[in-house]
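Take the position in the sequence shown, starting the count at 1, then add 290; the result is the number in the numbering used here.
Each residue gets a CB set at the ideal place from its N, CA and C atoms; glycine is no exception.
The structure presented is a predicted model; accordingly, all values stated were derived computationally and were not measured.
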Amino acid sequence: MRVLLILLDGVGLGADSPHTNPLAVAPMPAVRGVLEGNRLLADSAGFRGRRASLAGLDATLGVPGIPQSGTAHATLLTGQDAVRRFGRHYGPWVPTALRPTVVRDNVLARARARGRSVAFANAYPEELAQMVAGGLDNVSGRRLGPLRSGPPLAAIGAGALHRHTTELARGEAVASEITNDGWITRLRRAGLPRVSPEEAGRNLAAIAGDNDLTLFAHYTTDHVGHRGTFQDALAAIQRVDRFIAGILGAIPGDTLILVVSDHGNLEDVTRGHTSNQAMGFAVGPGHATVADGLRDLRDVAEAVLGVVG
Ligand SMILES: [Zn+2]
């Protein structure tokens, strides 16, 4: 069976608080449709429906402090307790000491070693990817910029960091922000088409249909949790919901969609990262079995490999 693994950064399951938690009030017709009216809130963790399940993932792993993206991504992508190995929660980038582990032992590389076809659907600028073209010796240091994040490091290890401007123009890649607007304005790729979130979702579903395991990562949900207003957070969530609607409408029937987060943030706009459980949302064949096996960040990689075979 196929898996589409989506990492939504900074989405925890929080309280039903309409003034501080945008997930309490966002309409989210696509997500709430498959969750049979339930919202992405702590009270709904444990829901098992006909088409989808919701689980809460402990992101603290019993270590004091507030969960951070670097060690959380490393844990999600490898199944190893990267927080304890590093000694503390660390972010936003994967710490240099853990990068070889993420490159070598991540879920994409392991599935590929088992003969499965894997894809990293995010588009990255070709000039960034060229920095690691010489090999994995170059994964330390600060000059890697956004490649220091867990998902591109995993893609490097799996030989799957090869979707750039050309692929994005053809709809054979998805921008990390879902729509292409940032590529067109900030990266000055004026020739790229504008895509709606739904169209980006359909593009991702097509990539997922061509591979046994596909990874896509989205960070805006965390960025708005840090720097945005309640309205910015609402807009980010609506964009994700429209993206998921596009995916649901086009995903092959043999594909499990697993949407996970690394830590809480957006579910409480009064502060930064939280210790709330991170979202674990499964849709499609085997969703309940997979959700039953998700208790904390360490469980995701094994759950994915269990489905991919
Ligand atoms: Zn994060």
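Asked: Give the range of the beta strand (DSSP E) segment to which residue 345 is assigned.; Found: 342-347
Asked: Can you tell me which of 468, 504 and 490 puts its alpha carbon nearest to the alpha carbon of residue 595?; Found: 504
Asked: Are the beta-carbon atoms belonging to residue 550 and residue 341 less than 8 Å from one another?; Found: no
Asked: Please identify the residue among 459, 511, 492 and 509 whose C-alpha is closest to the C-alpha of residue 533.; Found: 492
Asked: How big is the Cα-Cα spacing for residue 410 and residue 448?; Found: 9 Å
Asked: Please state whether the Cβ-Cβ distance between residue 358 and residue 381 is less than 8 Å.; Found: yes
Asked: At which residues does the beta strand (DSSP E) containing residue 455 begin and terminate?; Found: Note, residue 455: premise wrong, no beta strand (DSSP E); alpha helix (DSSP H) at 455-460.
Asked: If you follow the alpha helix (DSSP H) that residue 506 is in, where does it begin and where does it stop?; Found: Where residue 506 is concerned, there is no enclosing alpha helix (DSSP H), although the beta strand (DSSP E) it sits in stretches over 503-508.
Asked: State the start and end residues of the unbroken beta strand (DSSP E) segment that holds residue 495.; Found: Counting along the chain, residue 495 falls outside any beta strand (DSSP E), though it belongs to the alpha helix (DSSP H) covering 487-499.
Asked: What are the boundary residues of the beta strand (DSSP E) that includes residue 573?; Found: 568-573
Asked: In terms of alpha-carbon separation, which member of 306, 496 and 317 lies closest to residue 620?; Found: The question about residue 620 has no answer here: the residues shown for the chain are numbered 291 through 599.
Asked: Less than 8 Å between the C-beta atoms of residue 297 and residue 502, yes or no?; Found: no
Asked: Identify whether residue 529 lies in helix, strand or coil by the three-state DSSP scheme.; Found: helix
Asked: Between which two residues does the beta strand (DSSP E) containing residue 389 stretch?; Found: No beta strand (DSSP E) holds residue 389; the alpha helix (DSSP H) holding it covers 389-395.
Asked: Alpha carbon to alpha carbon, how far is residue 367 from residue 421? Give it in angstroms, no decimals.; Found: 22 Å
Asked: Rounded to a whole number of angstroms, what is the C-alpha to C-alpha distance between residue 301 and residue 536?; Found: 20 Å
Asked: For the segment 516-529 and the segment 557-568, state whether three or more C-beta atom pairs, one from each stretch, are separated by less than 8 Å.; Found: yes
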